[in-house]
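What follows is a set of notes on a single structure, which appears directly below.
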């Protein structure tokens, strides 16, 4: 299956945050990512499953890299640990930094605009903790 036939995955929104995430995947620093289940439900996307492949888009909506999920667990926000936070490859020193950044993002203006409301992101909020491997770094 070519990258054109795969489901598309856009990290964050176009711009520096997406670009740095894509670069972190390509470099191998990022091997994990988190999705808020509430967002997936509201936009009509199913919860991802291990084995799924995605064409990861850059800020120009072109495929930058293809990944395959090796793990996808639905867990409460509070169950994310330091190892997972570090594996997100965004430079978080610990899960507290990860949590603050993710709460800010999920409660941010762009997510609020997408959903039409600001989601509550407390310790019980469900997230999909995903681990992946790079399948094709050429996209």
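In this note's numbering, the protein residues as written are 1085 to 1223.
C-beta atoms are modelled at their ideal positions from N, C-alpha and C, and glycine is treated no differently.
Computed from a predicted structure; not experimentally measured.
Which residues share a DSSP beta bridge with residue i?
{"i": "residue 1102", "result": "For residue 1102, which the question treats as bridged, DSSP gives no partner whatsoever."}
{"i": "residue 1155", "result": "1215"}
{"i": "residue 1114", "result": "None, per the DSSP bridge assignment."}
Rounded to a whole number of angstroms, what is the C-alpha to C-alpha distance between residue i and residue j?
{"i": "residue 1188", "j": "residue 1087", "result": "31 Å"}
{"i": "residue 1090", "j": "residue 1178", "result": "33 Å"}
{"i": "residue 1137", "j": "residue 1107", "result": "18 Å"}
{"i": "residue 1211", "j": "residue 1120", "result": "4 Å"}
{"i": "residue 1161", "j": "residue 1196", "result": "19 Å"}
{"i": "residue 1174", "j": "residue 1201", "result": "26 Å"}
Could you check if residue i belongs to the surroundings of the ligand NAD, using beta carbon to heavy atom distance under 7 Å?
{"i": "residue 1129", "result": "The model on display carries no ligand, and the ligand NAD is accordingly not part of it."}
Closer than 7 Å by C-beta to residue i: which residues in its own chain qualify, once you throw out the five before and the five after it? Chain order, please.
{"i": "residue 1143", "result": "1098, 1099, 1102 and 1103"}
Just to confirm, is the Cβ distance from residue i to residue j under 8 Å?
{"i": "residue 1115", "j": "residue 1171", "result": "yes"}
{"i": "residue 1117", "j": "residue 1141", "result": "no"}
What are the boundary residues of the beta strand (DSSP E) that includes residue i?
{"i": "residue 1179", "result": "No beta strand (DSSP E) contains residue 1179, which is instead part of the alpha helix (DSSP H) from 1179-1190."}
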